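Per the working numbering, residue 22 is the first one in the sequence shown, and the count goes up by one each step. Below: one structure, written as structure tokens.
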Amino acid sequence: MLVIKLLKYSVLFLLICSCSIYRFEDFDRLDKINKRRIKGIVLNAENVGALDRSFFTVENFKTQFPNLEITSIHGDLNLELILPCLVKTKHLNFYHARNLNGAPLTSLVDYESLIKIGFLACDIDSLPPICTEITDLSWIQIYESPNINHEQVFAVLANMKNLEVLYYEKNQLKQLPESILRVRQLKSLNLNENQLTDLPALDSLKYLYTVDISWNSIYRISSLFN
22 MLVIKLLKYS VLFLLICSCS IYRFEDFDRL DKINKRRIKG IVLNAENVGA
72 LDRSFFTVEN FKTQFPNLEI TSIHGDLNLE LILPCLVKTK HLNFYHARNL
122 NGAPLTSLVD YESLIKIGFL ACDIDSLPPI CTEITDLSWI QIYESPNINH
172 EQVFAVLANM KNLEVLYYEK NQLKQLPESI LRVRQLKSLN LNENQLTDLP
222 ALDSLKYLYT VDISWNSIYR ISSLFN
């Protein structure tokens, strides 16, 4: 059954787990913490700048963060130095980044189990094509990138065979490209805070069960059930 969300308000559930750390960014305290508790790290200009380059090796990251699952990269950092170290990351988020095109992202194909990637408030105009080569990638979020080329993005998404969840929020999207129909494994589609007025028929996406169109200007939804 397809569930369509039209609510204008959402509830944020915050789960705090006392035995795991999902937002670790004070690397000065690294030797004082049980490293196995660290599930997520935040990398920014301040803490990365304070570290020696020798810290950024694959083996060191595997030692320092043996159970790493989530990595958040804030701002324009040296991705050629940082990304190859994060091979154990399952969920990678970029915040307010601009240098995401080209060679620095090629190392993502070597990640052991990268299944989620997010681009949040990034100054990008396209989705890096390397995403189609990450075989386990099933979840993508693109949030608040007003200069992005929608047709290019959805053309890349159409070539992602295992994509199940797409968050495409606050991107000034006025018309959903029909190439979305080629994302055959899609289960959940979040399009809130865009400028949509209508949607193409989505019934060919047989696994799709949730479409979130909150905070749009939808006046007709009958086409969903063509």
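For every residue, glycine included, the Cβ atom is placed at its ideal position computed from N, Cα and C. Remember, predicted model here, so these are calculated numbers, not experimental data.
Residues bridged to N114 [DSSP beta-bridge criterion] = Note: N114 sits in a beta bridge opposite S93, G139.
request  = From the DSSP output, in three-state form, read off L51 for me.
outcome  = Three-state result, L51: helix.
message = For K53 and F115, I'd like the C-alpha separation in whole angstroms.
response = The alpha-carbon separation between K53 and F115 amounts to approximately 27 Å.
key: Segment limits, alpha helix (DSSP H) that includes I103   = Segment 100-103, the alpha helix (DSSP H) holding I103.
key: For Q85, three-class secondary structure by DSSP   = DSSP places Q85 in helix when its eight states are reduced to three.
First through last residue of the beta strand (DSSP E) which encompasses V69 = Note, V69: premise wrong, no beta strand (DSSP E); alpha helix (DSSP H) at 66-70.
task = Could you please give the first and the last residue of the uninterrupted beta strand (DSSP E) stretch that includes Q162?
result = Here the beta strand (DSSP E) through Q162 covers 160-164.
inquiry  = According to DSSP, simplified to helix, strand and coil, what is S75?
reply    = Here DSSP, grouped into helix, strand and coil, assigns S75 to helix.
query = Given P125, which residues of its chain have a CB within under 8 Å of its CB, disregarding the five upstream and five downstream residues?
reply = Closer than 8 Å at Cβ, skipping near neighbours: L100, E101, L104.
request  = Drop a sphere of 10 angstroms on the beta-carbon of C40, count the other beta-carbons inside from all chains shown, and report buried for 16 or more, exposed for fewer.
outcome  = With fewer than 16 other Cβ atoms within 10 Å, it is exposed.
message = Can you tell me which residues form a DSSP beta bridge with N211?
response = Answer is Y188, D233.
ask   = Tell me which same chain residues have a C-beta within less than 8 Å of the C-beta of E190, skipping the five on either side of it?
value = Taken in chain order, the residues that qualify are Q162, I163, Y164, E165, N211, L212, N213, E214, N215.
task = Could you name the residues of the same chain whose beta carbon sits closer than 7 Å to that of P149, not counting the 5 residues immediately before and after it, in chain order?
result = Same-chain partners within the cutoff: L121, N122, L126.
Of the listed residues L89, L113, T92, V79, nearest to C106 (C-alpha basis) = Closest option to C106, Cα to Cα, is V79.
task = For my contact list, C152 and V177 are in at a C-beta cut-off of 8 Å; report their separation, rounded to the angstrom.
result = Taking a contact as a CB-CB distance under 8 Å, the pair C152 and V177 counts as one, their CB atoms being some 6 Å apart.
task = Helix, strand or coil for I151, going by three-state DSSP, please let me know.
result = I151 falls in the helix class under three-state DSSP.
Environment of Y132 [buried if 16+ CB atoms lie within 10 Å] = By the neighbour-count criterion, in which 16 or more other beta carbons inside 10 Å mark a residue as buried, Y132 falls on the buried side.
query = Is the Cβ-Cβ distance between N81 and R57 less than 8 Å?
reply = Using a Cβ distance threshold of 8 Å, N81 and R57 do not count as a contacting pair.
key: Same chain only: Cβ atoms within 6 Å of F140, ignoring 5 sequence neighbours per side   = Closer than 6 Å at the Cβ level, and outside the excluded window around F140, lie F115, I163.
inquiry  = So S225 and L202 are supposed to be a Cβ contact under 8 Å. How far apart are they, rounded?
reply    = Going by Cβ atoms, the distance from S225 to L202 rounds to 5 Å, so yes, they are a contact pair.
request  = Report the residue from E67, T110, V63 whose alpha carbon sits nearest the alpha carbon of K83.
outcome  = Per the Cα distances, T110.
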